[in-house]
Amino acid sequence: MKQVPRSFYRRDARLVAPELLNKILLASDGRAGRIVETEAYCGREDAAAHSFRGPTPRSAAMFGPPGHLYVYFTYGMHWCCNAVCGEGEGHAVLIRALEPLAGLDTMRARRPRVRGDRDLCNGPGKLTQALGIGKAHDGADLVKGNRGVRIVSDGTPPPRDPAVSARVGISKAMEYPWRWFVDAHPQVSGRRR
DNA sequence: ATGAAGATCAGA
DNA sequence: CTGATCTTCATC
668 MKQVPRSFYR RDARLVAPEL LNKILLASDG RAGRIVETEA YCGREDAAAH
718 SFRGPTPRSA AMFGPPGHLY VYFTYGMHWC CNAVCGEGEG HAVLIRALEP
768 LAGLDTMRAR RPRVRGDRDL CNGPGKLTQA LGIGKAHDGA DLVKGNRGVR
818 IVSDGTPPPR DPAVSARVGI SKAMEYPWRW FVDAHPQVSG RRR
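Everything in the first sequence is counted per the numbering used here, starting at 668 for the first residue and increasing by one.
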């Protein structure tokens with residue numbers, strides 16, 4: 668497994684998001700999945716971003732150093748995780764779906780209602796539940812992995828031609844095509860509109 | 001102090 | 001399509 672250096676994240680989220688595809692999100696106890704769907708959120712120029720109006724207590728991590736995690740709670744029950752990008756401009760990449768790779772038993776235990784393994788991590792709230800990511804990981808360093816979460820590469824390059832679409836579930840700035848996913852994994856990628 | 005909206009999910 | 005569930009932040 669190769670390390671993904673901090674310089675990888677120190678760029679516009681729209682450049683990082685498609686390149687995060689096929690990298691691996693790793694949790695402390697061996698649970699891991701391949702990233703197959705991402706979305707870019709772009710600070711002050713992006714009305715759909717939590718960072719749009721500048722830093723708040725919730726979005727503080729988005730303005731922090733790149734290569735750290737921004738984790739937020741939404742809809743009264745779900746955690747979502749992002750890789751912070753850029754250099755303090757409030758850019759981040761939302762990780763929306765994983766192809767489960769390891770620790771599937773623990774994932775199933777975390778998501779007891781799920782029938783098939785393909786529903787384990789195919790959504791931003793699902794994958795955090797499967798991997799056990801929550802408030803404790805807000806601000807965690809994905810390069811050092813000192814809070815048990817990191818992103819690595821197994822050498823698989825990002826897709827040469829990732830699928831692109833509008834972002835899912837937003838009500839502002841819907842016109843931007845800032846969602847990328849691995850088209851070759853229809854069974855694990857989230858919704859496909 | 002208040003309330004509306006929310007980067008979602010599961011089940012009918 | 002709807003209900004669940006509760007934090008966050010802008011506004012009053």
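All C-beta atoms in this analysis are idealised placements derived from N, C-alpha and C, irrespective of residue type, glycine included.
- If only uninterrupted alpha helix (DSSP H) runs of at least 4 residues are considered, those enclosed by the stretch 788-815 are 791-798.
- Contact between leucine 761 and glutamate 706 holds, since their C-beta atoms are separated by about 4 Å, short of 8 Å.
- The DSSP-derived three-state label of serine 674 is helix.
- Annotation for alanine 680: the continuous alpha helix (DSSP H) segment containing it runs 680-687.
- Three or more pairs of CB atoms, one per stretch, sit closer than 8 Å, so the stretch 787-807 contacts the stretch 738-745.
- Cβ-Cβ distances below 6 Å link aspartate 786 to nothing in the same chain once the five nearest sequence neighbours on each side are left out.
- For a cut-off of 8 Å, the C-beta gap from aspartate 679 to cysteine 748 is around 19 Å, too long to register as a contact.
- DSSP places arginine 763 in the uninterrupted beta strand (DSSP E) bounded by 758-769.
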